[in-house]
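Asker:
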Amino acid sequence: MTSRRQMLKSALLGGGAGVVAATALGSLGPEAAFASAKAQEVEPGAPDPNFAEGRIRSIKDNTLLVLGSNMVFHNIRVVDGTSLWKLGPIPFDQAKPGDGLYARGVRMPDGVLAAEAVWLNIVNIKGHIKNITSDKLHLDHNGQEVLCHVVPGKSVAIHSESPPSSDLSMLRVSQHVQILGAWRPDTNEVDIATVFSPH
Amino acid sequence: MQGIAALQPYVIALFLVWAALMKLFSRRMRAEAGRTALARLVGSARAIPTLRLVGVVELAVAAALLLPPVSPEEGAAAAVLCTGFLAYLTYSYATAPTSSCGCLGAHSHPVNWRAFARAGLLCVAGIAAIWARPYPLDPPLVALGLVEVVALLGLSAELDRYWLRPLRQLLVRIRRPLAVRSPEEIPLEVSLHLLYRSPAYCSASAQLTSDVQDVWDEDDLRFVVYGARERTAVFAIPLSGVDPSAVRVALT
C-alpha cells in the first residue's frame, strides 16, 4: 500500500501535474470522457443493468450475494479498484452480511456486476430534531424516531452555504435538517456523515 | 378514598371540555380531520360530522359531571366514554400507525405510549368517579388533583411545543451535548467539499468511475484516490486552507 501511495504521490507532485492538466496519458477534459463514453443504452424506465441495490445475504471470496428489494438476486464482484463506502472509505473486510447496499459498475456477460463503487447502508433522511443528547440527535422522521449518532472525526454539519464543519453545536432542537449517513442494520439508528441545516 | 373519588369528575370534566372545544371550534382540527385515524374508521366524508358529534357528547358528559347532583351514572358515562377512547386509540394504533389520533387538538404525532397512558389514566379516573359523593375539598386533595392534572397535561403531545421543546432547547444550551472534542481531526467530508469545488476536480470528474478508493494525509496535504476507468486519479487537497484552486490532480 505504501509503495502504491508513494507512486501516486510522486505522479502528482513530481511531474507536470497541474490544476487543469493534459497528462501524458491524454486530456483530462470532459470532452475526452464524453467522446469515449458509450451512448445511453438503457431504455427510459427500464432497470439499469450497471446498477444494483439490496441487502448482502452472504459474502464468498470477493463476491457479494445481494437480494434486491424487488426480490432479484445480484452477484457483485469487488475488485482492487472498487471503492467501498460505509460512513467513509473502508476496506472490503468491513462489508458484512445484512448491510444494505447500492452498487454501480459494469455488468459482465455472465451476469455478475463488476463493481466500481459500492455504498453500504447509505441513507438520506429529512426530519426535525426532537432532542439532542450527548453525541446524539433524536430525529423525528414522519413521526418515527431515528437516533442519529455523531461520530467524532467523521460527522460534519453544513449550515446553509457555508463550508462543512465538524462543529455540530449550532444545531437546535425543533429545527429541520437533512442527514446523510450510514444506517446501523436492523435498527432505527444512523451514524451521521453530513447534517445539512438550512440556516 | 372518598376524597379522591370526589375529585375525579372535575379532572375528567376539564379534559372533556378541552377535547370538546377543540373538536367543535378548532378550524385547524377540522382541516386536518381527514388525516386522523377517525377518517379511516368512518370515512373521510363523515370525519367532520363524527368529530362534532363526539365533541357534543363530551360536552354533555362534562356538564353532567360538573353540575349537581352527583350520581354514579355520571361516573359510569365518563368511564364508558374513556374506554371508548382507549378502544379507538388501539384501533388507530393497529390500523393507521402513522396518523395522529385527533383527540385533543391538531398535531402530527402518531399514537404512542403517551396517548395510551393519558387515555388509561382518564379511564381509571372515570371508574373512580362512579363512587364519587359530595365531599369537602381540603388542601391535600387539591394538591393531589393538581398533580393529576399536570401528569395528564404532561402526557399530552399537543402541548409539547409550549413546554417540552423550550425545556429541551434550554438543556441543550446549558449542557452543550455536541461540543467538539477533537478539533484537530479534519473530517474527510471537509476535504471532499473543497475538492468538489476545485477546477482540478471539475476537469477530471467526467473520467471518474468510482468513489473514494484510498485516503491518506502527508505533508499537510490529503491525498484522495479515485478510479478513472482503467486508470487512477489522485488528488492532493491542502489540509489547511479554503482555496479550491490549490487542489492538484494527476491521472496515472
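Which chain is which? The protein sequence lines are A and B, in order.
To convert, note that position 30 of the first sequence is 28 in my numbering; the numbers rise steadily by one, no gaps.
To convert, note that position 144 of the second sequence is 547 in my numbering; the numbers rise steadily by one, no gaps.
Think of the CB as a built atom: it goes at the ideal place given N, C-alpha and C, for glycine as much as any other residue.
Taking the beta strand (DSSP E) that Glu621 (chain B) belongs to, which residues open and close that run?
Answerer: 615 to 621
Asker: The beta strand (DSSP E) with Gly86 (chain A) in it runs from where to where?
Answerer: First-last for Gly86 (chain A): undefined, no H or E at that position.
Asker: Since Arg3 (chain A) and Phe626 (chain B) should fall inside the 8 Å C-beta cutoff, what is the C-beta to C-beta distance between them, to a whole number of angstroms?
Answerer: Indeed, because the Cβ distance is near 7 Å, the residues count as touching under 8 Å.
Asker: For Pro615 (chain B), collect the residues of the same chain with a Cβ closer than 8 Å to its Cβ; drop the 5 residues on either side in sequence, then sort them by chain order.
Answerer: This sequence places Val at residue 615 (chain B); Pro is not what is there. Here the set comprises Leu591, Leu595, Val627, Val628, Tyr629.
Asker: Would a check of beta-carbon distances place Gly202 (chain A) closer than 9 Å to chain B?
Answerer: Since the displayed chain A opens at -1 and closes at 197, residue 202 (chain A) lies outside it and no answer follows.
Asker: On the three-state DSSP scale, how would you describe Val171 (chain A)?
Answerer: coil
Asker: Buried or exposed: where does Pro537 (chain B) fall if 16 or more other Cβ atoms within 10 Å of its Cβ makes it buried?
Answerer: exposed
Asker: Give the straight-line distance between the Cα atoms of Val575 (chain B) and Val171 (chain A), rounded to the nearest whole angstrom.
Answerer: So the two alpha carbons sit approximately 8 Å from each other.
Asker: Throw me the rounded Cβ distance for the Lys118 (chain A) and Leu82 (chain A) pair, which I believe falls under 8 Å.
Answerer: At residue 118 (chain A) the sequence reads Leu, which differs from the Lys that was named. With a beta-carbon spacing of about 7 Å, Leu118 (chain A) and Leu82 (chain A) fall inside the 8 Å limit used to define contacts.
Asker: For Thr501 (chain B) and Gly141 (chain A), which I take to be in contact (beta-carbon distance under 8 Å), what is that distance rounded to the nearest angstrom?
Answerer: 6 Å
Asker: DSSP has Lys134 (chain A) in a bridge; who is on the other side?
Answerer: Lys134 (chain A) has A:Thr131, A:His147 as its beta-bridge partners, per DSSP.
Asker: Taking Val637 (chain B) as the reference, which of B:Gly644, B:Trp619, B:Pro647 has the closest Cα?
Answerer: Ranking the options by Cα distance to Val637 (chain B), first place goes to B:Trp619.
Asker: Mapping the DSSP letters down to three states, classify Lys7 (chain A) as helix, strand or coil.
Answerer: helix
Asker: I'd like to know whether the C-beta of Val121 (chain A) is nearer than 9 Å to at least one C-beta of chain B.
Answerer: no
Asker: Please report the straight-line C-alpha distance between Pro42 (chain A) and Ala609 (chain B), rounded to a whole angstrom.
Answerer: 22 Å
Asker: Out of curiosity, what's the CA-to-CA distance linking Arg443 (chain B) and Tyr565 (chain B)?
Answerer: 29 Å
Asker: Any contact of the segment 521 to 536 of chain B with the segment 472 to 489 of chain B, i.e. 3+ C-beta pairs under 8 Å?
Answerer: yes
Asker: Can you pull the chain B residues whose beta carbon is under 8 Å from the beta carbon of Pro87 (chain A), in chain order?
Answerer: Leu591, Asp614, Val615, Gln616, Asp617, Val618
Asker: Could you have a look at Ser163 (chain A) and say whether DSSP puts it in helix, strand or coil?
Answerer: strand
Asker: Report back the beta-carbon spacing between Gln173 (chain A) and Ile127 (chain A) to the nearest angstrom; my notes put them in contact at under 8 Å.
Answerer: 6 Å
Asker: Give the C-beta separation of Gly458 (chain B) and Leu492 (chain B) to the nearest angstrom, bearing in mind that I take them to be a contact with Cβ-Cβ under 8 Å.
Answerer: The Cβ separation is near 17 Å, so there is no contact.
Asker: Please go through the same chain and pick out, in chain order, the residues whose beta-carbon is closer than 6 Å to the beta-carbon of Ser153 (chain A), but skip the five residues on each side of it.
Answerer: Cβ within range, chain order: Ile190.
Asker: Run through chain A and tell me which residues come within less than 7 Å of Pro513 (chain B), C-beta to C-beta.
Answerer: Gly141
Asker: Give the interface partners of Arg170 (chain A) over in chain B, defined as CB-CB distance under 8 Å, in chain order.
Answerer: Correct list: Gln572, Val575.
Asker: Is it the case that the Cβ atoms of Cys526 (chain B) and Val514 (chain B) are separated by a distance below 9 Å?
Answerer: no
Asker: Just curious, the alpha helix (DSSP H) that His596 (chain B) is in, first and last residue?
Answerer: 591 to 599
Asker: Going by DSSP, what residues sit across from Gln142 (chain A) in a beta bridge?
Answerer: A:His139
Asker: So with CB distances below 9 Å, who are the chain A contacts of Ala639 (chain B)?
Answerer: Lys7, Leu10, Leu11, Ala15
Asker: Leaving aside the five residues before and after Gly151 (chain A) along the sequence, list all residues of the same chain whose C-beta is less than 8 Å from its C-beta, in chain order.
Answerer: Ser164
Asker: Helix, strand or coil for Ile533 (chain B) per DSSP?
Answerer: coil
Asker: Give the secondary structure of Val70 (chain A) by DSSP, where H, G and I count as helix, E and B as strand, and everything else as coil.
Answerer: If DSSP states are grouped into helix, strand and coil, Val70 (chain A) belongs with coil.
Asker: Have a look at the DSSP bridge pairing and note the partners of Asn60 (chain A).
Answerer: Partner(s): none; Asn60 (chain A) has no beta bridge.
Asker: Pull up the CB-CB distance for Ile533 (chain B) and Ala479 (chain B), whole angstroms please, since I reckon it's below 8 Å.
Answerer: 6 Å
Asker: How would you list, in chain order, the residues of chain A whose beta-carbon sits under 8 Å from the beta-carbon of Val645 (chain B)?
Answerer: Scanning chain A for C-beta atoms nearer than 8 Å to the C-beta of Val645 (chain B) yields Pro161, reported in chain order.
Asker: Closest Cβ-Cβ distance between Arg564 (chain B) and chain A: below 9 Å?
Answerer: Yes, contact with chain A.
Asker: Reducing DSSP to helix, strand and coil, say where Leu581 (chain B) ends up.
Answerer: coil
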